[in-house]
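K.L.:
As you go down the protein sequences, you meet chains A and B in turn.
The first sequence begins at 731 in this note's numbering and counts up one residue at a time.
The second sequence begins at 77 in this note's numbering and counts up one residue at a time.
By construction, the Cβ of each residue, glycine as well, lies at the ideal position given by its N, Cα and C atoms.
Please read these numbers as outputs of a predicted model, since none were measured by experiment.
Structure in structure tokens, see below.
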Amino acid sequence: MSRTGRTDSENAGGLAGAESASSPGTMNATSPWILEVRDVAKGDFLAITGASGSGKSTLLHLLGGLDEPTEGTVLFRGECLGGTQRGAACITLDTYRARFAGFIFQSFHLLPSLNAMENVQVPMLGAGAHAHNREEKARALLVELGLEHRLGQYPTQLSAGERQRVAIARALINRPAVLLADEPTGAVDTAAGEDIGALLQELNAAGQTLIVVTHNPELAARYTRRVIAIADGHVASDTGALL
Amino acid sequence: MRLSFAGFAWRNVWRRRLRTALTLGGIGMGIGAFVALVGFSRSFEHAWLEMYENAGTDLAVVQKTFLNTEVDQSAGAILRQIPQIAQAAPMVINMMAVTPEVNTLVYGWKADTFEFSALNILQGRKFQDGQQEVMLGELLAGSLNKKVGDTLDLQGSTFRVVGIFRSGSALEAGAIIMPLDQMQALSEMQGKVTAYHVRLKPAPAGVSPGEWRKEAEDAVAKGLPGLRAVPAAQRAANNQLVILAHAAAWGTSLIALLVAALGIANTMAMSVFERTKEIGVLRAMGWSRERVMLLILMEAAALGVAGGAVGVALGWGALQALGALPQTASIASTTLPVRTLVDGLLMAILVGVLAGSVPAWRGAQLSPVEALRHE
């Protein structure tokens with residue numbers, strides 16, 4: 731699948747999906763794999779839905795700086811991500827992921843040799859943050875997410891819902907501008923999925939920008955503010971910013 | 077529950093306990109070989125230096141060439157005419173079998189040599205020139221269970237033990253000393269010696285000891301072409317036995333270290349492969365390539381440090397065993413120089429980092445998306 735993208739946001743905390751040439755929200759008829767999404771506003775809660783293989787995960791990877799488009803540019807707060815654009819230096823993907831983006835994965839991806847507290851500290855360890863600061867922030871986040879009694883537990887000792895909460899705490903530890911989640915309720919049961927959905931909604935209510943890729947139409951409809959449906963690599967529909 | 081970078085690295089290493097333990101065993105064997113063999117060769121060199129220092133030997137006069145180690149005994153008369161030289165003692169050294177299992181150093185000295193000043197005679201007396209008599213170092217006497225009055229067979233000749241002595245040098249404590257003429261006959265070196273050990277007169281006022289020694293060296297070179305006068309410390313480091321011991325020790329150790337390095341490289345390559353997805357997670361969390369590389373290198377270095385500690389312990393144990401075995405007790409010192417311990421640990425870390433560098437580089441090159449897709 732070819733990946734072409736341009737995130738283009740002039741909004742303070744926003745970023746957007748991809749644009750190749752035409753106006754926002756339209757499809758490029760000549761290239762079936764061009765994704766076009768514009769203007770993810772600060773404080774938005776965007777759901778990207780679509781069938782398997784539709785390109786929604788690819789879009790999330792581009793928006794999260796995990797991957798670079800083969801054509802086009804991803805912009806964040808008006809600055810390009812990765813590489814250069816017209817001779818101007820862009821925000822490096824490492825910097826973007828470390829300072830501006832937080833990731834939540836479907837299967838949590840907690841590190842098995844570390845307990846909950848230690849897992850949450852990993853992003854700050856990568857950024858070289860002070861040890862005391864790391865510990866304090868990790869504890870505060872886990873307590874805030876209702877895991878104060880599970881701080882020293884290892885991933886295998888936690889329920890799926892608890893693991894996802896630890897993963898959310900880990901994604902939040904560097905205070906990202908945007909939180910990106912790939913099927914965050916895909917590996918938990920219905921009750922835990924509702925908890926996770928409600929938690930994400932609370933975070934959004936507190937001002938956190940979220941972009942969620944999901945198969946779960948209920949999660950998309952019930953908790954998010956905006957839904958973009960992807961089909962065959964294109965934006966099939968977009969409810970628009972801030973439902 | 078504070079997570080440190082080094083702690084994180086060690087957790088990753090310790091996750092696969094059996095594999096890590098086996099790798100540590102491999103590194104430990106390599107470093108143990110280094111510590112035992114290089115430690116042995118260094119203590120061997122140190123024992124030579126002690127022997128010269130204890131006897132007050134300033135110079136050793138030897139052949140210039142490496143393979144021909146025989147010096148004509150007529151050189152003694154010329155040496156004694158050199159104004160800087162106070163005494164010149166001829167000596168022969170060789171290694172001989174005293175039992176089928178035990179080889180020991182045997183020295184041939186004149187009864188009036190100044191080198192006896194370094195020995196403390198515990199039992200009996202000094203030998204007499206021209207007599208089939210020997211003196212035994214207390215270590216050797218103990219291992220052979222010999223006392224004054226007993227006899228000892230060497231190269232088909234029978235010698236009477238007339239004295240037991242103590243020496244500060246391991247090379248003498250486990251050695252035999254006999255009259256020079258008897259030693260020359262045993263070694264078929266009539267009229268020849270291995271070296272002359274020289275004591276210098278005190279340097280006159282206004283001349284430094286170094287300048288005085290250099291004058292003596294020049295005088296020897298001028299008076300005895302084909303021979304050279306070597307300062308005692310240099311002779312201790314550069315005599316044929318020590319050079320061979322160093323070469324054998326380093327050669328064997330490097331092979332063992334290479335095997336250890338391959339073990340670490342294999343372990344780290346496997347570890348990186350197995351943790352590909354985790355590396356993808358770290359990259360997704362904003363870890364830079366350099367940070368990921370540093371983590372993997374630190375894991376390799378941690379293996380090196382832990383393996384080095386195991387190796388130092390094994391090497392120390394091996395050295396103690398060498399010192400206890402009758403076959404090697406007479407030439408092995410059980411003292412492990414601090415320098416060898418430090419070198420062993422540094423070598424282990426260096427081997428770890430070098431062996432881990434390729435897996436670390438490969439791990440750091442992983443694209444986050446590809447790494448996260450890895451199964």
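Do leucine 198 of chain B and glutamate 214 of chain B have their CB atoms nearer than 8 angstroms?
P.N.:
Against the second sequence, residue 198 of chain B aligns to sequence position 122. Against the second sequence, residue 214 of chain B aligns to sequence position 138. Cβ atoms of leucine 198 of chain B and glutamate 214 of chain B: closer than 8 angstroms.
K.L.:
Does the stretch 386-404 of chain B come close enough to the stretch 434-450 of chain B to have 3 or more Cβ pairs within less than 8 angstroms?
P.N.:
These segments do not touch.
K.L.:
Is it a yes or a no for the stretch 124-132 of chain B touching the stretch 300-312 of chain B, going by three-plus beta-carbon pairs under 8 angstroms?
P.N.:
These segments touch.
K.L.:
Given valine 318 of chain B, which residues of its chain have a CB within under 8 angstroms of its CB, disregarding the five upstream and five downstream residues?
P.N.:
Here residue 318 of chain B is taken as the residue at index 242 of the second sequence, counted from 1. Ser117, Phe120, Glu121, Trp124, Ala312.
K.L.:
Nearest chain A C-beta to proline 435 of chain B closer than 8 angstroms, yes or no?
P.N.:
Position 359 of the second sequence, counting from 1, holds the residue named residue 435 of chain B. No, its Cβ sits nowhere closer than 8 angstroms to a Cβ of chain A.
K.L.:
Nearest to alanine 436 of chain B by alpha carbon, out of B:Gly384, B:Ser364, B:Val388?
P.N.:
Numbered from 1 along the second sequence, position 360 holds the residue referred to as residue 436 of chain B. Selected option, being the one with the closest Cα: B:Ser364.
K.L.:
Quick one: does glycine 391 of chain B have its CB under 8 angstroms from some CB of chain A?
P.N.:
Residue mapping note: residue 391 of chain B aligns to position 315 of the second sequence, counting from 1. No, glycine 391 of chain B does not count as interfacial toward chain A.
K.L.:
Please tell me whether arginine 895 of chain A has its Cβ less than 8 angstroms away from any Cβ of chain B.
P.N.:
Within the first sequence, residue 895 of chain A is the residue found at index 165, counting from 1. Arginine 895 of chain A does not count as touching chain B.
K.L.:
Between phenylalanine 838 of chain A and arginine 893 of chain A, which are expected to be in contact by the criterion C-beta below 8 angstroms, what is the C-beta distance as a whole number of angstroms?
P.N.:
For the purposes of this step, residue 838 of chain A is identified with residue 108 of the first sequence, where counting begins at 1. For the purposes of this step, residue 893 of chain A is identified with residue 163 of the first sequence, where counting begins at 1. That pair is a contact at about 5 angstroms.
K.L.:
Which term fits alanine 935 of chain A, buried or exposed, when burial requires 16 or more other beta carbons within 10 angstroms of its beta carbon?
P.N.:
Here residue 935 of chain A refers to the residue found at position 205 when the first sequence is read from its first residue. Under this definition alanine 935 of chain A is an exposed residue.
K.L.:
Name the chain B residues whose beta carbon is nearer than 8 angstroms to that of leucine 844 of chain A?
P.N.:
Locating residue 844 of chain A in the first sequence gives position 114, where the first residue counts as 1. Here the neighbours are Leu79, Phe84, Arg87.
K.L.:
Taking the alpha-carbon positions, what's the valine 476 of chain B to leucine 320 of chain B distance?
P.N.:
The requested residue 476 of chain B is not part of the displayed model; chain B covers only 77 to 451.
K.L.:
Three-state secondary structure (DSSP) at proline 435 of chain B?
P.N.:
Position 359 of the second sequence, counting from 1, holds the residue named residue 435 of chain B. Three-state result, proline 435 of chain B: helix.
K.L.:
Of the choices A:Thr969, A:Ile958, A:Gly970, whose alpha-carbon is the least far from that of glycine 780 of chain A?
P.N.:
Counted from its first residue, the first sequence places residue 780 of chain A at position 50. Of the listed residues, the one whose Cα sits closest to glycine 780 of chain A is A:Ile958.
K.L.:
With a cut-off of 8 angstroms, does the C-beta of proline 176 of chain B fall near any C-beta of chain A?
P.N.:
Reading the second sequence from its first residue, position 100 is the one you call residue 176 of chain B. Output row for proline 176 of chain B: interface = no.
K.L.:
Counting beta carbon pairs with one atom in the stretch 79-88 of chain B and one in the stretch 842-851 of chain A, are three or more of them shorter than 8 angstroms?
P.N.:
Contact holds: three or more Cβ-Cβ distances are below 8 angstroms.
K.L.:
Between which two residues does the beta strand (DSSP E) containing serine 784 of chain A stretch?
P.N.:
In the first sequence, residue 784 of chain A corresponds to position 54, counting from 1. It is not in any beta strand (DSSP E) - serine 784 of chain A carries neither H nor E in the DSSP assignment.
K.L.:
Taking the CB atoms as reference points, tell me whether leucine 719 of chain A and arginine 895 of chain A lie closer together than 8 angstroms.
P.N.:
Look at the range of chain A in this structure, 731 to 973, and you will see that residue 719 of chain A is not part of it.
K.L.:
Give a yes or no on whether the minimum CB-CB distance between glycine 963 of chain A and chain B is below 8 angstroms.
P.N.:
Walking along the first sequence from the start, residue 963 of chain A turns up at place 233. Answer no: the Cβ-Cβ gap between glycine 963 of chain A and chain B never drops below 8 angstroms.
K.L.:
For valine 182 of chain B, collect the residues of the same chain with a Cβ closer than 6 angstroms to its Cβ; drop the 5 residues on either side in sequence, then sort them by chain order.
P.N.:
Stepping through the second sequence from its first residue, residue 182 of chain B is reached at position 106. Here the set comprises Asn170, Met172, Ile252.
K.L.:
With a threshold of 16 other CB atoms inside 10 Å of the CB of threonine 180 of chain B, please say whether the residue is buried or exposed.
P.N.:
In the second sequence, residue 180 of chain B corresponds to position 104, counting from 1. Threonine 180 of chain B should be labelled buried.
K.L.:
How many Å lie between methionine 254 of chain B and valine 238 of chain B at the Cα?
P.N.:
Taking the first residue of the second sequence as position 1, residue 254 of chain B is located at position 178. Taking the first residue of the second sequence as position 1, residue 238 of chain B is located at position 162. Cα-Cα distance, rounded: 10 angstroms.
K.L.:
Flag valine 445 of chain B as yes if its beta-carbon sits less than 8 angstroms from any beta-carbon of chain A, otherwise no.
P.N.:
Position 369 of the second sequence holds residue 445 of chain B. Closer than 8 angstroms to some Cβ of chain A, the Cβ of valine 445 of chain B qualifies, so yes.
K.L.:
Sorted by chain position, which residues of the same chain lie with C-beta nearer than 6 angstroms to glutamate 293 of chain B's C-beta, five sequence neighbours on each side aside?
P.N.:
By 1-based counting over the second sequence, the position of residue 293 of chain B is 217. Contacts found: Ala305.
K.L.:
Using alpha carbons as the reference points, say which of B:Leu379, B:Ala297, B:Thr411 lies closest to tryptophan 90 of chain B.
P.N.:
Here the question's residue 90 of chain B lines up with position 14 in the second sequence. Residue B:Leu379 is the option with its Cα nearest to tryptophan 90 of chain B.
K.L.:
Please tell me whether isoleucine 161 of chain B and valine 274 of chain B are closer than 8 angstroms, where the distance is taken between their beta carbons.
P.N.:
Taking the second sequence and counting its residues from 1, the one referred to as residue 161 of chain B is at position 85. Taking the second sequence and counting its residues from 1, the one referred to as residue 274 of chain B is at position 198. Yes, the pair counts as a contact, with Cβ atoms nearer than the cut-off.
K.L.:
Which residue wins for smallest C-alpha separation from arginine 337 of chain B, given the options B:Ala151, B:Ser233, B:Gly384?
P.N.:
Indexing the second sequence from 1 puts residue 337 of chain B at position 261. A small correction: the amino acid at residue 337 of chain B is alanine; arginine does not occupy that position in the sequence shown. Considering only alpha carbons, the answer is B:Gly384.
K.L.:
Candidates B:Arg78, B:Thr96, B:Asp205, B:Gly106: which alpha carbon is nearest aspartate 419 of chain B's?
P.N.:
The count along the second sequence starts at 1 and reaches residue 419 of chain B at position 343. Ranking B:Arg78, B:Thr96, B:Asp205, B:Gly106 by Cα distance to aspartate 419 of chain B puts B:Gly106 first.
K.L.:
At what residues does the alpha helix (DSSP H) containing glutamine 260 of chain B begin and finish?
P.N.:
The residue labelled residue 260 of chain B in the question sits at position 184 within the second sequence. Glutamine 260 of chain B -> alpha helix (DSSP H) spans 256-263.
K.L.:
Just mark aspartate 912 of chain A as buried or exposed, buried being the case when its beta carbon has 16 or more other beta carbons within 10 Å.
P.N.:
On the first sequence, position 182 is the one that residue 912 of chain A refers to. Classification of aspartate 912 of chain A: buried, given that the 10 Å Cβ count is 16 or more.
K.L.:
For phenylalanine 235 of chain B and glutamine 163 of chain B, I'd like the C-alpha separation in whole angstroms.
P.N.:
As a first step, residue 235 of chain B is located in the second sequence; it is residue number 159 there, counting from the start. As a first step, residue 163 of chain B is located in the second sequence; it is residue number 87 there, counting from the start. Each residue's alpha carbon lies about 28 angstroms from the other.
K.L.:
Bridge partners of tyrosine 272 of chain B, per DSSP?
P.N.:
Position 196 of the second sequence, counted from the first residue, corresponds to residue 272 of chain B. DSSP output for tyrosine 272 of chain B lists B:Val137, B:Pro166 as bridge partner(s).
K.L.:
How far does the beta strand (DSSP E) with asparagine 179 of chain B in it extend, from its first residue to its last?
P.N.:
Against the second sequence, residue 179 of chain B aligns to sequence position 103. Where asparagine 179 of chain B is concerned, the enclosing beta strand (DSSP E) stretches over 179-185.
K.L.:
Return the residue from the list B:Ile340, B:Leu228, B:Gly428, B:Leu247 that minimises the CA-CA distance to valine 210 of chain B.
P.N.:
The residue you call residue 210 of chain B lines up with position 134 of the second sequence. Here the closest residue by C-alpha is B:Leu228.
K.L.:
Give the residues of chain B in contact with glutamate 865 of chain A, contact being defined as C-beta atoms less than 9 angstroms apart.
P.N.:
In the first sequence, residue 865 of chain A corresponds to position 135, counting from 1. Those are Met77, Arg78, Leu79, listed as they occur along chain B.
K.L.:
For a test of the three-state rule: what should DSSP assign to valine 283 of chain B, helix, strand or coil?
P.N.:
Looking up residue 283 of chain B in the second sequence gives position 207. The answer is coil: DSSP assigns valine 283 of chain B none of H, G, I, E or B.
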